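Some notes on the structure that comes next.
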Amino acid sequence: MGFSLFESGRWAATTLIEVVVLALALRQKLFGRLPFFTIYLCIVVANEVILWVTYSFTGISSHTSFYVYWTMQAVQVSIRAVVVYEICRVLLSPYEGVWRLCRPFLILLAALLVGGAAISARLSAHHAAATILTAERGLEIAVIGILILGLVFCRYYGLKIERHVVWIALGLGFNSAVQVANNTFLRIGPTLADFPVWQIIRQTSFNVATIFWIVALWKPLPARQPAPVLLAHGEYDRLAPQMTLRLRELNTRLLEMWK
Amino acid sequence: MTVFAFTLAALGILVALFWLLFGSRATETPASLDARDTEEFVPVNCRHFPQIRQMLEAEDHQFMRRRAPRHIEREWRGERRRILGQYLKDLGQDFGRLERLARLIATLSPEIRRAQEWEWMWQGVRFRLLYRMVAVKIALGSFSTDDIARLTEPIAALAGELESRMALIAECAPSRLHADVGG
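Protein chains in written order, with the working numbering: chain S, 178 to 436; chain A, 333 to 515.
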């Protein structure tokens, strides 16, 4: 297969960490809370097996290995985007009004970023590697964009984020942020990309993310929170005009003072 | 240049992510709206504003100008500025509480209006900008006590209106509120 002892050892360690995360997720019955994230963890482990088998039979430099590797990457980054949307849904959907307000923004942002990724990948179509890296970078930007926007809404409305979700989101975000920078380096040329420290960061970023997920799933998950008690229909419409009027009045007076 | 921009963007994203996930939150949204919860959102400082207003009466200023020695008058003016600074700070705190209350109402409402939410966000941004500009004006000693006193009126009025409305909502909780299964 052409791997050094160090590389084989690192691969084995990576796979072991991924299996541990999956085992923890299954033990904590995470599927009931974050089904797509659990599926993603299964895919991550399956990815290692598929790549190992492919590299063993066809060699690491073969065309088959190239296509299998990038197909698996495409599958993983796509499901990561779905996982991030799932996290946003879990955090925001108990608050019906807020979720209705935020969902179109999340979908619109995702569409814009994926569209942007497709356009920039098409523009760099003269070189296959550049196209793939640009497309992957665009998708990673989409992943982190949806995550950040969802978290901004949570912060704005003061919504609580459970500990395990915090660490899962951090792992996803961290990995995507590193991949965005990393793919940019790779696109410039092999000289810079071969920079050893940077390569180590690239290769270990996913390991760091899996360690964050271990932290997330190590302790038992908290009991499910009861659904929030919502106000009656129309209460918002009764209170909102008063508040708007007074806030406007206050700002007008501040403005008068300033003049 | 591209490499630098993307690396900087990635670092910025990581910082933002850490702040969004681990940064302290002013107030977390309670799971329901009862009297105890709403208490911490209703403005409280505005209740003391009339006393402060009294302390800043214009007649006092005229009296000090006519009768007090210059150094005493200077000290007195400095003290007034300090009180006004505190007054403005309290006003900002009350505004913050109202803003959080507005978000709480939105969070716990089954239906909210996008235009309304934008309006509240915009008014919040405007308030913060104007508030800082007025704080600078006060620090420079250029202010009219009446103008500043007038600022409390909208907040005090809104606090009163909301307090009674919230009390009514909390009181009627079992009949008016309904549990909505989300997710």
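The C-beta atom is built at its ideal place from N, Cα and C for all residues, glycine as well. None of these values were measured; they are calculated from a predicted model.
At a cut-off of 8 Å between beta carbons, Ala-346/S contacts chain A.
Per DSSP, the continuous alpha helix (DSSP H) segment holding Glu-431/A begins and ends at 402-439. Scanning Ala-319/S, Ala-386/S, Glu-412/S, Gln-253/S for the CA closest to the CA of Gly-274/S turns up Glu-412/S.
Flagged as an interface residue toward chain S: Tyr-463/A, by a C-beta distance shorter than 8 Å. Following the DSSP letters along the chain, one finds Ser-270/S in no alpha helix (DSSP H), marked with neither H nor E. With respect to the 8 Å criterion, Ile-264/S and Leu-324/S are classified as neighbours on the basis of their beta carbons. Counting C-beta atoms within 10 angstroms of its own C-beta, Gln-455/A has 16 or more neighbours from the protein chains shown and is therefore classed as buried. Within the same chain, Met-249 come within 6 Å of Asn-224/S by CB-CB distance, once the 5 residues on both sides are set aside.
Within 10 angstroms of the beta-carbon of Ser-233/S lie fewer than 16 other beta-carbons, which makes it exposed. Contacts between Ile-437/A and chain S, judged by CB atoms closer than 9 Å, involve Leu-408, Glu-412, Tyr-413, Leu-416, Ala-417, Met-420 in chain order.
Comparing C-alpha distances from Glu-339/S to each of Val-347/A, Val-335/A, Leu-353/A, Ala-337/A shows the shortest one belongs to Leu-353/A.
Nearest Cα to Ile-309/S within the set Ala-409/S, Gly-186/S, Thr-361/S, Arg-401/S: Thr-361/S. According to the DSSP assignment, Glu-443/A belongs to no alpha helix (DSSP H), since it is labelled neither H nor E.
Inter-residue distance for Arg-187/S and Leu-228/S is about 14 Å (C-alpha atoms, whole angstroms).
Annotation: Leu-336/S is outside any alpha helix (DSSP H) and is labelled neither H nor E by DSSP.
Think of a sphere of 7 Å around the beta carbon of Tyr-262/S: no beta carbon from chain A falls inside it, the nearest being about 13 Å out. DSSP places Leu-283/S in the helix class (H, G or I) of the three-state scheme. When the five nearest sequence neighbours on each side are left out, no beta carbon in the same chain lies closer than 6 Å to the beta carbon of Arg-204/S. Excluding the 5 residues flanking it on each side, Phe-213/S has same chain C-beta neighbours closer than 7 Å at Ile-256, Val-259, Val-260, Glu-263, in chain order. Put simply, the CB of Tyr-272/S is near chain A, with a gap under 8 Å to one of its CB atoms. Cβ atoms of Leu-462/A and Leu-432/S come within 8 Å of each other, at about 6 Å.
Between the C-alpha atoms of Glu-195/S and Tyr-246/S there is a straight-line separation of about 17 Å.
At a beta-carbon threshold of 9 Å, the residues of chain A lying near Phe-362/S are Val-335, Phe-338, Thr-339, ordered along the chain. In the three-state scheme derived from DSSP, where H, G and I count as helix and E and B as strand, Ser-181/S is classed as coil. Residues of the stretch 407-418 of chain A with a C-beta atom less than 9 Å from some C-beta of chain S do not occur.
At least one CB atom of chain S sits nearer than 8 Å to the CB of Ser-441/A. Nearest CB-CB separation between Phe-395/A and chain S: not below the 8 Å threshold. A distance below 8 Å separates the beta carbons of Arg-413/A and Ile-470/A.
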